[in-house]
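Number of protein chains: 2
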Amino acid sequence: MKQYQHPTADQITLTGVLHALSDPVRLNYVQCVAQAACEQSCGAIPTPVAKSTMSHHIRVLREAGIIHIRPYGTQSLISLRSDELEQKFPGVLNSVLKSAKNIEVTEQA
Amino acid sequence: MKQYQHPTADQITLTGVLHALSDPVRLNYVQCVAQAACEQSCGAIPTPVAKSTMSHHIRVLREAGIIHIRPYGTQSLISLRSDELEQKFPGVLNSVLKSAKNIEVTEQA
DNA sequence: TTTATTGTTCTACGATTATCGAACTAATCT
DNA sequence: AGATTAGTTCGATAATCGTAGAACAATAAA
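Taken in order, these protein sequences are the chains called A and B.
Quick note, the numbering used here runs 10 ahead of the 1-based positions in the first sequence.
Quick note, the numbering used here runs 10 ahead of the 1-based positions in the second sequence.
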């Protein structure tokens with residue numbers, strides 16, 4: 011069974027988190043996972059890039075400590091480490107996701 | 011008199027802001043400017059890198075819309091565009107700066 | 001006018017990053 | 001057992017990034 015390494019809370023850094031969220035592909039991905047409010051398989055989320063590129067981005071998000079990956083058969087189930095991030099960097103993830111959501115709405119106007 | 015181009019509020023992007031803040035040198039710099047609570051000259055803030063590197067970083071912060079630069083004689087006076095950023099991305103800058111400050115305190119423990 | 005100060009730009013380098021197609025791996029389905 | 005599915009890794013490319021020393025530019029001080 012494939013096992014993924016996730017950083018402990020101590021290993022998560024603010025600049026690492028900001029860096030991971032500063033890429034539009036990754037920010038959009040995290041938004042979609044957040045909106046789903048439950049574990050999503052990798053492929054459940056539409057992506058504008060190749061599968062290999064998406065694997066790369068998901069690895070960046072995992073290594074930054076933003077997502078948790080749970081293997082489930084041939085799928086990888088993704089969830090946000092919201093609680094740990096909120097405890098470590100209060101308000102950062104939530105405010106970023108809210109702003110990203112507002113942008114989405116504004117751009118659809 | 012040297013004039014600096016600053017992006018308008020419309021031109022400021024969330025990923026641009028996150029990218030600019032994801033570098034430790036720039037995050038530290040923005041923290042120092044925030045703590046000062048008034049315009050600082052470039053050189054008033056200690057930096058761990060060469061002057062030319064710092065000029066580069068300051069340009070990135072300006073182009074991301076995080077800081078405003080006002081030439082003042084041979085100096086450049088730096089201020090945070092806090093209000094505009096708060097209006098556009100509520101809570102993002104403040105929560106990031108608070109977390110950065112907490113890290114600073116924790117690391118001194 | 002010359003010198004000093006502050007900060008910028010130029011140029012270059014090494015490292016990192018995002019991208020993708022091809023090939024691969026592990027689990028599940030038939 | 002073979003085929004399918006989901007996702008990963010490999011290897012390559014091009015672009016971006018952070019770094020710095022040297023040279024420069026604008027302003028102020030002497």
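Ideal placement from N, C-alpha and C gives every residue a C-beta, glycine not left out.
Predicted, not measured: the structure shown is a model, and the values here were computed from it.
Asked                                                                                          : Found
Beta-carbon gap between Leu95 of chain B and Val43 of chain B smaller than 9 Å                 : no
Residues bridged to Tyr124 of chain B (per DSSP)                                               : Residue coverage of chain B in this structure runs from 11 to 119, which leaves residue 124 of chain B outside it and unanswerable.
DSSP beta-bridge partners of Pro81 of chain B                                                  : B:Ser86
Exposed unless 16 or more other CB atoms sit within 10 angstroms - verdict on Arg80 of chain A : exposed
beta-carbon Gly26 of chain A near the ligand ADP non-hydrogen atom, thresh 8 Å                 : Looking at this structure, you won't find the ligand ADP or any other ligand, since it has none at all.
Distance, Thr84 of chain A Cα to Asn38 of chain B Cα                                           : 43 Å
Euclidean distance between Cα positions of Pro58 of chain A and Gly53 of chain B               : 43 Å
First and last residue of the uninterrupted alpha helix (DSSP H) at Ser62 of chain A           : Lys61 to Ala74
Rounded separation between Ser32 of chain A and Tyr82 of chain A - CA only                     : 29 Å
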